[in-house]
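In the working numbering, the protein residues as written are 1 to 178.
For every residue, glycine included, the Cβ atom is placed at its ideal position computed from N, Cα and C.
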């Protein structure tokens, strides 16, 4: 079969292979227990501040963030802090990660993934990985996240860096079509 010249130029095969990954980023599947009255998901089991599900992570603070419908919050970047995110299964957030660590074996790799959307997972984001989020739902989106540093607004100890929302390209926030 022959395609039109326009279709030939636009044609590509859908990729079903493994998605790119970033060194140090980890997705942890959580067990969700359900009965006729609801569900329970254990987010963290702690021993001396260490979580069993995320090896080597010591919990220092738990935060709760809300995103308005359609909102984009990006890009955040930490030099010392590791984040561990949880998005409730009923929410649907597009997460974009970019490895900006010079000399990293995954330097420059960009990853898009959806959190929530019926799944219970933790996402570990190491220092030096820029991260942002877009709420794909028509309701408020929620993130519960753990950090291994205490928040500080003081310039001498603050680890809350920012990059422009379109640092990885404005199209990174588009919903995949096709």
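Considering only the alpha carbon of each residue, which of the options lies closest to residue i?
i	options	result
residue 138	92, 123 and 155	92
residue 179	149, 147, 152 and 134	There is no way to answer for residue 179, as the model of the chain reaches only from 1 to 178.
residue 164	132, 56, 82 and 38	132
residue 100	25, 65 and 59	25
residue 130	12, 13 and 22	22
residue 158	30, 76 and 90	76
residue 173	136, 51 and 153	136
residue 127	80, 156 and 107	80
residue 86	154, 28 and 18	28
residue 71	39, 17, 141 and 11	141
residue 120	16, 78 and 34	34
residue 108	168, 15 and 78	168
residue 162	43, 78, 117 and 90	78
residue 39	104, 106 and 90	90
CA-CA distance, residue i and residue j?
i	j	result
residue 48	residue 41	21 Å
residue 61	residue 55	17 Å
residue 73	residue 171	15 Å
residue 69	residue 88	15 Å
residue 84	residue 146	5 Å
residue 144	residue 63	6 Å
residue 111	residue 125	12 Å
residue 151	residue 9	50 Å
residue 45	residue 30	12 Å
residue 1	residue 13	16 Å
residue 154	residue 82	19 Å
residue 148	residue 58	6 Å
residue 65	residue 102	29 Å
residue 37	residue 113	30 Å
residue 176	residue 156	41 Å
residue 5	residue 51	56 Å
residue 43	residue 7	48 Å
residue 67	residue 106	29 Å
residue 17	residue 104	23 Å
Per DSSP, residue i is paired with what?
i	result
residue 72	134
residue 66	142
residue 38	35
residue 47	50
residue 28	122
Using 8 Å for Cβ pairs, my map puts residue i next to residue j. What's the rounded Cβ distance?
i	j	result
residue 115	residue 95	6 Å
residue 122	residue 53	6 Å
Problem set entry | Length-filtered (3 minimum) beta strand (DSSP E) runs lying within the region 80-167 | The qualifying runs are 83-86, 92-99, 110-116, 121-125, 129-135 and 141-147.
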